[in-house]
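Asks: Counting the sequence shown from 1 gives a position; my numbering is that position plus 717.
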Amino acid sequence: MYRPLADEFRPQELDEVTGQGHILGPDGMLRRIADSGHIPNMIFYGPSGTGKTTVASIIARRTNRPLRRLNATTAGLADIKAIIQELDTLLAPEGVLLYLDEIQYFNKKQQQSLLEFIENGKITLIAATTENPYFCVFNAILSRSTVFEFKPLTSEDVKAAMERVIRLLSERDGVSIDLEDGVLDYIASACGGDARKSLNTLELLYSTARPGKDGLLFTMTDARAVTQRSAMRYDRDGDEHFDILSALMKSIRGSDPDAAVHYLARFLETGDLLGACRRILCSASEDVGLAYPLAVPIVKACVDSALQLGLPEARLPLAEAVIFLATCPKSNTGCMAIDRAMGDVRAGKAGPIPRHLQNVHADGTGFEREQGYLYPHNYPNRWVQQQYLPDTLKNAHYYEYGDNKTEQAAKKYWDIVKGQG
718 MYRPLADEFR PQELDEVTGQ GHILGPDGML RRIADSGHIP NMIFYGPSGT
768 GKTTVASIIA RRTNRPLRRL NATTAGLADI KAIIQELDTL LAPEGVLLYL
818 DEIQYFNKKQ QQSLLEFIEN GKITLIAATT ENPYFCVFNA ILSRSTVFEF
868 KPLTSEDVKA AMERVIRLLS ERDGVSIDLE DGVLDYIASA CGGDARKSLN
918 TLELLYSTAR PGKDGLLFTM TDARAVTQRS AMRYDRDGDE HFDILSALMK
968 SIRGSDPDAA VHYLARFLET GDLLGACRRI LCSASEDVGL AYPLAVPIVK
1018 ACVDSALQLG LPEARLPLAE AVIFLATCPK SNTGCMAIDR AMGDVRAGKA
1068 GPIPRHLQNV HADGTGFERE QGYLYPHNYP NRWVQQQYLP DTLKNAHYYE
1118 YGDNKTEQAA KKYWDIVKGQ G
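(1) Go ahead and label Lys914 buried or exposed: buried means 16 or more other beta carbons lie within 10 angstroms of its beta carbon, across all protein chains shown.
(2) Looking at Ser1048 and Ala1008, is the spacing between their C-beta atoms short of 7 Å?
(3) Shortest alpha-carbon distance to Arg925 belongs to which of Ile858, Ala940 and Asp911?
(4) Please specify which runs of the beta strand (DSSP E), each continuous and at least 3 residues long, are wholly inside the segment 911 to 941, giving them in chain order.
(5) So, with DSSP's three-state summary, where would you put Val900?
(6) Buried or exposed: which applies to Pro928, given that a residue is buried once 16 or more other Cβ atoms fall within 10 Å of its Cβ?
(7) If you run the structure through DSSP and keep just helix, strand and coil, what is Phe984?
(8) How do the segment 769 to 781 and the segment 838 to 854 stand: do at least 3 beta-carbon pairs fall below 8 Å, yes or no?
(9) What residues match up with Asn788 in a beta bridge as DSSP calls it?
(10) Specify the secondary structure class of Phe867 as computed by DSSP and reduced to three states.
(11) Please identify the residue among Asp805, Met966, Gly1060 and Thr847 whose C-alpha is closest to the C-alpha of Ser765.
(12) Check whether the segment 875 to 892 touches the segment 901 to 909, taking contact to mean three or more Cβ pairs, one atom from each stretch, closer than 8 Å.
(13) Quick check: what's the CA-CA separation for Asp724 versus Lys868?
(14) Give the DSSP-derived three-state secondary structure of Ala777 in the structure shown.
(15) Would DSSP call Leu842 helix, strand or coil?
(16) In three-state terms, what does DSSP make of Tyr669?
(17) With C-beta atoms as the reference, is Tyr1115 less than 7 Å away from Lys1128?
(18) Which residue marks the beginning of the alpha helix (DSSP H) containing Tyr851, and which one marks its end?
(19) Below 8 Å on the Cβ atoms is my contact criterion, and I expect Ala845 with Thr770 to pass it. Report the Cβ-Cβ distance as a whole number of Å.
(20) From Asp898 to Met937, what does the alpha carbon distance come to, in whole angstroms?
(21) Between the Cα of Leu870 and those of Met759, Gly1006, Ala1023 and Gly763, spot the shortest distance and give me the residue it belongs to.
(22) Let me check understanding here. Comparing Cα to Cα, which of Ala809, Ser830, Asp818 and Ile894 lies closest to Leu794?
(23) So is Glu733 buried or exposed if we call it buried at 16+ other beta carbons inside 10 Å?
(24) If distances are taken between C-alpha atoms only, which option among Tyr1092, Thr767 and Glu833 comes closest to Gly910?
(25) For Arg1057, which of Leu985, Leu1110 and Leu886 has the nearest alpha-carbon?
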């Protein structure tokens, strides 16, 4: 029966697993747990192709419990009940170790159906997820589990995994495999830290390779053909989407145009034009703000142009917008002011609007003077002292001038007008 290379040559010992030295190294906590044989409930969190399933299988073999596997994308309550019925029978007298892949696809009821048996120890749960478990796993499960993060593999880690499989392939089939210079490095880079993708690429190269001088030849041309484009991790509904959003915003805020353009490129390579546009528009007000207010209409023009052009041409105005924002002076005073004001409103700090600010339905009849409203345009410098905030908040202060040139010029002007200069 056909088995993919990634499964057929899956590591059987922790020493064969590439990467994850922070948890599987000699002093790594996960290795020490595996060596002890006392397996707690665990959640493995990290991108696909980083060894979560492999490590779970190795750990399961070190226990005396039968291993049961479920994938939450296809399993349901009936599958959980079938495992529960095995407990305290000859099939599982000491309980089972359940490996639950993609736990984020189980709803609250499905996750909670395991609680009783996790609590009494009859089921030891090892769950895997590609999304942040603190958001997708319910607290009752989370509080009974230890979370281990699996990090993306480096190119060197992926290359080591491929070299191991090539050696095993040669031994299995008795053939020699010749590699053009740079083939493994290229695949390792193009597969984005995903060992499974790199091994699938190897398998395709192996099945289509032409004979070379001493054996099968893996060429750079073939490697480029089967990888086609970078296997960058991206999921519009997953962590990677929000990580790229965060990185783009923070790079602009940190005034690093090179990093900002890099993260913009990640968006555009996935075709997520709208996501990039929304983040860029937000940054114009949130991070540049009052330091250069014209950033808003300038960036809006770039975004409108990008949306009208569509990809791939949209990359041009968006690149201009990102570089422009990253090199602009920065101010978040507007953002901070509205957040403080909204905080007071949410806390119930409001109160009646002062009478002299209320709308007067008798405007134009002559009775509006009873309000006591002072019309600023009738006074020098178009300003007059009067209370605008409700009585309960009359001393509240939300806006602080930033230290940039634009806001400091405005501050100087109003300090003079208001007699504080």
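The C-beta atom is built at its ideal place from N, Cα and C for all residues, glycine as well.
Replies: Quick look at the numbers:
(1) buried
(2) yes
(3) Rather than Arg, the amino acid found at residue 925 in this sequence is Thr. It is Ala940 whose Cα lies nearest to the Cα of Thr925.
(4) 933 to 935
(5) helix
(6) exposed
(7) helix
(8) yes
(9) Asp818
(10) coil
(11) Thr847
(12) yes
(13) 20 Å
(14) helix
(15) strand
(16) Outside the modelled stretch of the chain, which goes from 718 to 1138, sits residue 669, for which no answer is possible.
(17) no
(18) Pro850 to Cys853
(19) 7 Å
(20) 8 Å
(21) Gly763
(22) Ser830
(23) exposed
(24) Thr767
(25) Leu1110
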